[in-house]
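Residue 298 in full-length UniProt numbering is what sits at position 298 of the sequence shown, and the numbering runs on without skipping anything.
Read the structure below first, then the notes.
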Amino acid sequence: MKQKIRIWLRNFFGFSRTETNGFIVLLILMVAILSMPFFSKKIYSFYKKPLQSQNDKAYLNSLLLELKDKVEIEREIAEERSYQTFDLNKSNSKQLIQSGFPEFLAERIVKYREKVKPFESKKELLKIYGMDSAFYHEIHPYIRVTKLQKEPDVDLAKESSNTYQIKKKKTTHTTFKNEKLTRFDLNKADSLQLQKIYGIGPAYSSRIIKYRAYLGGFHSLYQLKEVYGLKQENIDSLEKYVFVEDELKLKQLKVNQLNVDSLVQHPYISYKEANLIINYRKQHGEFNSIKDLLAIKILDSSWVKKVNPYISFD
């Protein structure tokens, strides 16, 4: 049959063998294209079945009502949620919780303020581990940041029983400046020794000693730059008269024994870093050296080097 059609086409149109084959293929394609609208309507009508059943309509309506109720409830909850104004540098953990913070976040804020430094801007709140950016934008209008005064450059000298006058510290420091100071160990110095150095008053000396305790001891004079509020001119004065012993005993953290809460007591270790250390220890066993800490790829190598003097692998 096929052969007869080919012969007829060749005789009728005068086609060659190749032209005849091409014509047949073209004819088949044209028929297929022309019939597509007919078949597509059939397929579309097959899948597009209207909801004729009353049960189907009722079920759909119930779903719509349920969705509407859920949206209304969420909107009411959002409207009822209220935040209280709070101060990042003054509010305690209880007040922060009342202001809308979860307990763990309130404690971290207080810890950061006391052990690292006071807050200077609202954006610093995002540095707190676990602080969600969406939550931050919600509470942003309620945040207050009281600027804490740095150490004043004056002393109060009593002029009479009822009045005071301000005198420049230069008078006090001149007395010490004229004394011939000998260099002393920064890790053994008390506040009175530090105050003998020009530019270091009670507030600065207190901060230095407090930060020394948090660290577990200074291993380098460069760490004085980390003391809150200490200016470069004050550091320059300190470096003339203080030193750090080469063989000193720092207070070290037993990284194979301590939990997260104990590790984060050190100012160099955040909750994120502490959790990475604990999780790695659980999966791979105890740390034997600093190389094991460097094996935690997420930890920055410069941070590992920084914290290394305060880590013990016992």
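Idealized CB from N, CA, C, for every residue including glycine.
Using DSSP's beta-bridge definition, name the partner residues of residue i.
| i | result |
| --- | --- |
| R144 | D87 |
| D185 | F243 |
| S312 | K254 |
So what does DSSP say about residue i, is it helix, strand or coil?
| i | result |
| --- | --- |
| Y280 | helix |
| V307 | helix |
| I298 | coil |
| Q193 | helix |
| R17 | helix |
| K117 | coil |
| F218 | coil |
| I200 | coil |
| H266 | coil |
| L105 | helix |
| E226 | helix |
| F287 | coil |
| D132 | coil |
| L96 | helix |
| F176 | A caution first: F176 carries a pLDDT of 47, below 50, which makes its placement in the model too unreliable to give a value. |
| N234 | helix |
| N275 | helix |
| K249 | coil |
| D153 | Note that D153 scores 42 on pLDDT, short of 50, meaning its location in the model is unreliable and no value can be drawn from it. |
Judging by CA-CA distance, which residue of the options is the nearest neighbour of residue i?
| i | options | result |
| --- | --- | --- |
| T146 | L186, A203 and D87 | D87 |
| N279 | G100, L258 and V31 | L258 |
| I128 | L27, L34, V307 and K272 | K272 |
| Y228 | F23, K115 and L125 | K115 |
| residue 320 | N187, K210, N256 and G201 | Outside the displayed range of the chain (1 to 314) lies residue 320, so it cannot be described from this structure. |
| V25 | G201, M36 and R6 | R6 |
| I197 | K180, L60, S16 and Y211 | K180 |
| Q283 | Y222, N256, S302 and H266 | N256 |
| Y241 | A189, N288 and V260 | A189 |
For residue i, I'd like the list of residues in its chain whose CB is within less than 8 Å of its CB, leaving aside the five on either flank, ordered along the chain.
| i | result |
| --- | --- |
| V304 | I290, L293 and L294 |
| R113 | L88, N89 and F119 |
| L148 | N89 and P118 |
| L230 | Y204, R207, I208 and L224 |
| A78 | Residue placement at A78 is flagged as unreliable, the pLDDT there being 49, under the threshold of 50; the coordinate-derived value follows with that caveat. No residues qualify anywhere along the chain. |
| K111 | V264 |
| F184 | Q193, Y241, V242 and F243 |
| A32 | none |
I'd like the list of long-range same chain contacts for residue i, defined as Cβ closer than 7 Å, with 5 residues on each side in sequence excluded.
| i | result |
| --- | --- |
| L263 | L253, I269, A274 and I277 |
| S220 | V244 |
| I298 | L276 |
| L250 | G216, G217, H219, P309 and Y310 |
| I139 | Y83 and G100 |
| R212 | N187 and F218 |
| E286 | N256 |
| P267 | K115, V116, Y214 and L215 |
| A106 | S93, L96 and I97 |
Is there at least one Cβ from chain D nearer than 8 Å to residue i's Cβ?
| i | result |
| --- | --- |
| S205 | The chain labelled as chain D is not found in the depicted structure, where only one protein chain is given. |
Can you find the residues in the same chain that come closer than 6 Å, C-beta to C-beta, to residue i, ignoring five residues on each side of it along the sequence?
| i | result |
| --- | --- |
| R108 | I128 |
| D300 | none |
| E239 | L221 |
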